[in-house]
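Student:
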Amino acid sequence: MPTPRVAMRKIKECLRLKLDCDLSHERIALSLGLSKGVVSKYVARAEAAGLDWPALSALDETQVAARLCAPAPVVRGDRAPIDLPRVHRELRHKGVTRHLLWQEYCEANADRATYQYTQFCQHHQDYAGSLRRSMRQLHRAGEKLFVDYAGPTVGIVNPDTGELRRAHIFVGVLGASNYTYACATAGEKQVDWLRGLSQAMAFFGGVPALVVPDNPRALIAHPDRYEPELNRAAQDCARHYGTAILPARPRRPQDKAKAEVGVQVVERWILARLRHQCFFTLAALNLAIAELLAEMNARPFKKLDGSRRTWFETIDRPALMPLPAQPYELAQFKPCRVNIDYHVDIDGHYYSVPHALVRKAVEARITDTTVEILHAGQRVASHARSDARGRHTTVPEHMPAVHRAHREWTPGRFLRWAADIGPATCQLVEHLLTNRPHPEMGYRSCLGLLSLARHYGHPRLEAACTRALAIGSRTRKSVLSILQGGLDQQPLPTVVAQTDWISPDHDNLRGPAYYLEPSTTH
622 MPTPRVAMRK
632 IKECLRLKLD
642 CDLSHERIAL
652 SLGLSKGVVS
662 KYVARAEAAG
672 LDWPALSALD
682 ETQVAARLCA
692 PAPVVRGDRA
702 PIDLPRVHRE
712 LRHKGVTRHL
722 LWQEYCEANA
732 DRATYQYTQF
742 CQHHQDYAGS
752 LRRSMRQLHR
762 AGEKLFVDYA
772 GPTVGIVNPD
782 TGELRRAHIF
792 VGVLGASNYT
802 YACATAGEKQ
812 VDWLRGLSQA
822 MAFFGGVPAL
832 VVPDNPRALI
842 AHPDRYEPEL
852 NRAAQDCARH
862 YGTAILPARP
872 RRPQDKAKAE
882 VGVQVVERWI
892 LARLRHQCFF
902 TLAALNLAIA
912 ELLAEMNARP
922 FKKLDGSRRT
932 WFETIDRPAL
942 MPLPAQPYEL
952 AQFKPCRVNI
962 DYHVDIDGHY
972 YSVPHALVRK
982 AVEARITDTT
992 VEILHAGQRV
1002 ASHARSDARG
1012 RHTTVPEHMP
1022 AVHRAHREWT
1032 PGRFLRWAAD
1042 IGPATCQLVE
1052 HLLTNRPHPE
1062 MGYRSCLGLL
1072 SLARHYGHPR
1082 LEAACTRALA
1092 IGSRTRKSVL
1102 SILQGGLDQQ
1112 PLPTVVAQTD
1122 WISPDHDNLR
1132 GPAYYLEPST
1142 TH
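Under the working numbering, residues 622 to 1143 are what the sequence shown spells out, in order.
(1) At a cut of 8 Å, does the region 730-737 reach the region 952-972 through at least three beta carbon pairs?
(2) Leaving out five residues before and five after residue 695 in sequence, what residues of the same chain have Cβ atoms less than 7 Å from its Cβ?
(3) Check each candidate in 1031, 830, 1083 and 929 and name the one with the smallest Cα separation from residue 1064.
(4) Taking the C-alpha atoms as reference points, what is the distance between residue 922 and residue 937?
(5) From this set, 637, 660, 653 and 886, which residue's C-alpha is nearest residue 677's C-alpha?
(6) Decide yes or no for the touch test of the region 812-819 against the region 830-839: beta carbon pairs closer than 8 Å, at least 3 of them.
(7) I need the DSSP call for residue 980, collapsed to helix, strand or coil.
(8) Within 10 Å of its beta-carbon, does residue 639 have 16 or more other beta-carbons around it, so buried, or fewer, so exposed?
(9) Throw me the rounded Cβ distance for the residue 1021 and residue 976 pair, which I believe falls under 8 Å.
(10) So what's residue 922 in DSSP terms, helix, strand or just coil?
(11) Would you kindly work out how many angstroms separate the C-alpha atoms of residue 1084 and residue 1018, rounded to a whole number?
(12) What is the rounded straight-line gap between the Cα of residue 1113 and the Cα of residue 1072?
(13) In whole angstroms, give me the CA-to-CA distance for residue 650 and residue 657.
(14) Can you grab the Cα-Cα spacing for the pair residue 1050 / residue 1090, in whole Å?
(15) Out of 890, 1042, 900 and 801, state which residue places its alpha-carbon closest to the alpha-carbon of residue 932.
(16) Quick check on residue 897: buried or exposed, where buried means 16 or more other Cβ atoms within 10 Å of its Cβ?
(17) Just to confirm before moving on: does the CB-CB distance between residue 972 and residue 987 stay below 8 Å?
(18) On the premise that residue 1086 lies in contact with residue 1035, defined as a C-beta separation below 8 Å, what is that separation, rounded to the nearest angstrom?
(19) Quick one: any contact between the region 773-792 and the region 826-833, if contact means 3 or more CB pairs under 8 Å?
(20) So is residue 777 buried or exposed if we call it buried at 16+ other beta carbons inside 10 Å?
(21) Report buried or exposed for residue 899, applying the criterion of at least 16 other Cβ atoms within 10 angstroms of its Cβ.
(22) Look at the Cβ atom of residue 775, then the Cβ atom of residue 805, and state whether they are nearer than 8 Å.
(23) Can you tell me whether residue 867 is helix, strand or coil according to DSSP?
(24) So, helix, strand or coil for residue 953, using DSSP?
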């Protein structure tokens, strides 16, 4: 492409060939390598300017360009002014375009001359370019929440020990209104990020469509320029609020310029004012931040009308999605493998899962109050969280049928079952449970004894137990032998009293006096 000076030299030569040599447009175009349209255009401009070749030959190339290429003057007249701050603000609403605002501008000034659409756009573009860089991007209402942590920290002193620990400052900024939230957290771990995010949602009273952090390891499992992957806790939080977390590109702070500027504003208007104060608790620090935060959001803009607060009320708040019915409960996720006893180990306590998942990989969702076990994305167990190390929390439905049946047997249950049959049966069962080192050692004997009622019936079993007690043979085998031999249907043996077979007058009967020591004779 020829330079402007070379092009203007060709245009001057074109006019010489036409005005002085009177060549055709086609011959001139072929000679100079121009199109016939260009030749016609500049010949027409020279005629409109009243220039002939003697007049043109006296001009240099710059003067020729000024006479032939100067734009036609625009006669604006008394045009209706454009409310540029309002146009810039309205463009943040979803679905609002510059063409729509131009139409509204024309309708509002129907009795006056107005700017054409191209001029309207140019005026807005010039206005937007005059604002600070952080305001140049166009953000839709309720679309994005930018989050980050400030660099400076605030010291918190333990009043008992004098120990100093550092509190970190979480910052969230809504893209359209610049409405800002800030709070102090104990650190920048996963729980701190999610707690700050959930508190920001509650502060705004709604949920944006997107949350834009950088690439913290606390939220992003695999940072990637094109396909970043969130960790399970961040996914769970986004799912609870019905939003999406879209990390900025690695090492691209311009992707979250709102957060960068918001952090800078918080550092200047809040942290700088707190630098001489001493705080003893995190709650006291957050209370001081909240007071200064309200003042900061109410400060008017320098080049725009209103403040962060007023823009939030008119732009962002109506566009935010509603908060869920329940606040987000902070949770941690831990991969586990189900042990052979159908329990998983969480912080030294063992929680049961359905026995069909033995040796399967599962995931534990751990909150302050509950432990949920997930398999293939589905919840398969839920327990109240326990701090008792080495103990078990077991749901009977998670146990195999055999284990569950064994666990359901207790001494009390055996005694109640036996009492329904009869007192002799209950007495014999009590003997089977108490004549062993541990009651469970007699469970099988009791089950075997009581199961005889299904074949022989309650009356016969009660009679057999009565006979077994009478003859002093208190075992299941003895009862079974009595039933098999039909002895339960025979009269009980008569127990002969001792006075019936010992005669008090027998010669060999010594009597109690025999065992007394003889008295001593003096």
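Glycine included, every Cβ here is placed at the ideal spot set by N, Cα and C.
From a predicted model like this one, the values you see are computed outputs, not experimental measurements.
Tutor: In terms of the structure at hand:
(1) no
(2) On the sequence shown, position 74 is the one that residue 695 refers to. Only weak support exists for where residue 695 lies, its pLDDT of 41 falling under 50; the value from the coordinates is given anyway. Result list for residue 695: empty, nothing under 7 Å.
(3) Here residue 1064 refers to the residue found at position 443 of the sequence shown. Ranked by Cα distance from residue 1064, the first of 1031, 830, 1083 and 929 is 1031.
(4) Here residue 922 refers to the residue found at position 301 of the sequence shown. Here residue 937 refers to the residue found at position 316 of the sequence shown. One alpha carbon belongs to residue 922, the other to residue 937, and they sit about 17 Å apart.
(5) Against the sequence shown, residue 677 aligns to sequence position 56. It is 637.
(6) yes
(7) On the sequence shown, residue 980 is found 359 positions in, with the first residue counted as 1. It is coil, neither helix nor strand.
(8) Locating residue 639 in the sequence shown gives position 18, where the first residue counts as 1. Buried: at least 16 other Cβ atoms inside 10 Å.
(9) Locating residue 1021 in the sequence shown gives position 400, counting from the first residue. Locating residue 976 in the sequence shown gives position 355, counting from the first residue. Sure, about 5 Å apart at Cβ, within 8 Å.
(10) Taking the sequence shown and counting its residues from 1, one reaches residue 922 at position 301. Coil, per DSSP.
(11) Taking the first residue of the sequence shown as 1, we reach residue 1084 at position 463. Taking the first residue of the sequence shown as 1, we reach residue 1018 at position 397. So the alpha carbons of these two residues sit roughly 39 Å apart.
(12) In the sequence shown, counting from the first residue as 1, residue 1113 sits at position 492. In the sequence shown, counting from the first residue as 1, residue 1072 sits at position 451. Whole-angstrom Cα-Cα distance: 24 Å.
(13) What you label residue 650 is simply residue 29 of the sequence shown in a count that begins at 1. What you label residue 657 is simply residue 36 of the sequence shown in a count that begins at 1. Rounded to whole angstroms, residue 650 to residue 657 spans 6 Å at the Cα level.
(14) Numbered from 1 along the sequence shown, position 429 holds the residue referred to as residue 1050. Numbered from 1 along the sequence shown, position 469 holds the residue referred to as residue 1090. Taking C-alpha positions only, residue 1050 is separated from residue 1090 by approximately 11 Å.
(15) For the purposes of this step, residue 932 is identified with residue 311 of the sequence shown, where counting begins at 1. Nearest to residue 932 by C-alpha distance, out of 890, 1042, 900 and 801, is 801.
(16) Taking the first residue of the sequence shown as 1, we reach residue 897 at position 276. It is exposed - the Cβ of residue 897 has fewer than 16 other Cβ atoms within 10 Å.
(17) Reading the sequence shown from its first residue, position 351 is the one you call residue 972. Reading the sequence shown from its first residue, position 366 is the one you call residue 987. Contact: no.
(18) What you label residue 1035 is simply residue 414 of the sequence shown in a count that begins at 1. What you label residue 1086 is simply residue 465 of the sequence shown in a count that begins at 1. Not really, about 14 Å apart at Cβ, beyond 8 Å.
(19) no
(20) Locating residue 777 in the sequence shown gives position 156, where the first residue counts as 1. Looking at its Cβ environment, which holds 16 or more other Cβ atoms inside 10 Å, residue 777 is buried.
(21) On the sequence shown, residue 899 is found 278 positions in, with the first residue counted as 1. The residue in question, residue 899, is exposed, as its Cβ has fewer than 16 Cβ neighbours within 10 Å.
(22) Residue numbering aside, residue 775 sits at position 154 when the sequence shown is read from its first letter. Residue numbering aside, residue 805 sits at position 184 when the sequence shown is read from its first letter. In this structure, residue 805 lies closer than 8 Å to residue 775 by Cβ.
(23) Within the sequence shown, residue 867 is the residue found at index 246, counting from 1. Correct three-state label for residue 867: coil.
(24) Taking the first residue of the sequence shown as 1, we reach residue 953 at position 332. Residue 953: strand per DSSP, three-state reduction.
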